[in-house]
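Asks: Numbering (our numbering), first residue to last: 1 to 292.
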Amino acid sequence: MIELSAEQIATFRRDGFLIVDRLIAPEEADRVAARYEPMFRGEFETGIEPDEWNWREGRDSTDRPRQICNGWKGDFTIASVALRADVGRACARLAGWPGARIQVDNVLWKPPGAKSIGFHQDCSYLQWLTPQEMLSCWIALDDTTAEGGTMELVRGSHTWGAFPMAKQFHAPEDYREGLREAAASIGKTPEIVSVVVPKGGGSFHHGWTWHGSGPNRGTRPRRSLVSHCLSSEARFNLDKIGQGTGRWYGKYRHFGSDVMDGDYFPILWTEDGRRSPWIDDYVRRGSAAKAA
Ligand SMILES: O=C(O)CCC(=O)C(=O)O
């Protein structure tokens, strides 16, 4: 169970992120990591394709960072971690929300030699949501190092204001360029902190915190699983439905309504005891089917 102290919450609010040595057990990190190869080969055990699948074996160059979005729809093991109640509870507590739902998970894999992910602010992709807020839990599935291309976060940058989306998200030549330009435009010097943790550890980051990651110059893969959470009360902003990542996720709206459907954006935890009722059964049935 992820339990955060008052001191950790205060650190998060000051820095815009919080690094934690243990979020899940290392054995659980191994179980999740073992799903990456089959998933990127297109083997989805639920029979359903995730929403985005940005790197495919045999199609894309091996030096590209690999990403699947909403892997929980394709894989029960991914679902068992990405949709955890304690992940939602921790995100809600850090954000000061009454509860949390997931907008998207990210299944991220940077093998040795893979390139970078450009610095960005998650919320700059979320014009299609009200409130335009996000808080994310990033879980390392391998021990991380700075040279291995772990995630980098900029201390205090959640207070810098809103900047446009990254010019290039995957594999830019200069992954810190957008950060440098943004910081210079408001007279700041970025203090970059690398998330160096054992597998199973990770970090939480605020949706306006600048972050990105360098190339993997190490010898180990760098795999991570991210749950990007919204307030349980979040709604669609119908005037901006196709903007940012709304291009992919706006399709889950119901016509004439701004309500976010818990079948597509599951509620992980609320302080009044709500959780999308199907999640635990979905995860249990998946594990039982595999064991049979
Ligand atoms: O893992 C990374 O390199 C970046 C992940 C990211 O952009 C995120 O978790 O919001």
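Yeah, the Cβ is synthetic: ideal placement off N, Cα and C, and Gly gets one too. Being a predicted model, the structure only gives us computed values, none of them experimental.
1) For Glu-3, which residues from the same chain have a beta carbon less than 6 Å from its beta carbon, with the 5 sequence-adjacent residues on both sides left out?
2) With distances taken from CA atoms, which of Phe-204, Ala-288, Arg-222 is nearest Cys-229?
3) Looking at the unbroken beta strand (DSSP E) that takes in Thr-325, where does it start and where does it end?
4) Straight-line CA distance for Asn-70 to Ser-185?
5) Does DSSP put Glu-233 in a helix, in a strand, or in coil?
6) Apply the 10 Å Cβ neighbour rule to His-254 and answer buried if 16 or more other Cβ atoms are within range, or exposed otherwise.
7) Considering only the beta carbon of each residue, do Phe-163 and Gln-121 sit closer than 8 Å?
8) Let me check understanding here. Comparing Cα to Cα, which of Leu-83, Asp-105, Ile-48 lies closest to Val-226?
9) Starting from Ile-78 and walking both ways along the alpha helix (DSSP H), at which residues does that stretch end?
10) What span of residues does the beta strand (DSSP E) with Glu-152 cover, start to end?
11) Using the three-state DSSP reduction, which class does Ile-279 fall into: helix, strand or coil?
12) Quick check on DSSP: helix, strand or coil for Leu-135?
13) Are Ala-171 and Ser-213 closer than 8 Å when you measure CB to CB?
14) Per DSSP, what kind of secondary structure is Thr-144 in: helix, strand or coil?
15) Exposed or buried, what is Arg-14 when buried is set at 16 or more other beta-carbons lying within 10 Å of its beta-carbon?
16) Leaving out the 5 sequence neighbours to the left and right, which residues in its chain are closer than 8 Å to Phe-169 when beta-carbon positions are compared?
17) Ends of the beta strand (DSSP E) at Gly-118?
18) For a test of your reading of the model: does the CB of Met-165 fall under 7 Å from any non-hydrogen atom of ligand 1? Yes or no.
19) In chain order, what are the residue ranges of uninterrupted alpha helix (DSSP H) at least 4 long that sit wholly in the region 196–267?
20) Alpha carbon to alpha carbon, how far is Gly-201 from Ser-80?
21) Just checking Trp-128 against ligand 1 - is the residue's beta carbon closer than 7 Å to any of the ligand's heavy atoms?
22) Can you round the beta-carbon distance between Ile-19 and Val-259 to whole angstroms, since I take them to be within the 8 Å contact cut?
23) Buried or exposed for Pro-65, going by 16 or more other Cβ atoms inside 10 Å?
24) Taking Cβ positions, are Ala-234 and Thr-150 nearer each other than 8 Å?
25) Among the residues of its own chain, which have a CB less than 8 Å from the CB of Gln-293, if the five just before and after it don't count?
Replies: Walking through what the data contain:
1) none
2) Phe-204
3) The chain is shown only over 1 to 292; residue 325 falls outside these bounds and no answer can be derived.
4) 34 Å
5) coil
6) exposed
7) yes
8) Asp-105
9) 76–82
10) 151–154
11) helix
12) strand
13) no
14) coil
15) exposed
16) Ile-117, Gly-118, His-120
17) 117–120
18) no
19) 246–249
20) 16 Å
21) no
22) The Cβ separation is near 35 Å, so there is no contact.
23) buried
24) no
25) Residue 293 cannot be examined here, being either before or after the span of the chain that is shown, 1 to 292.
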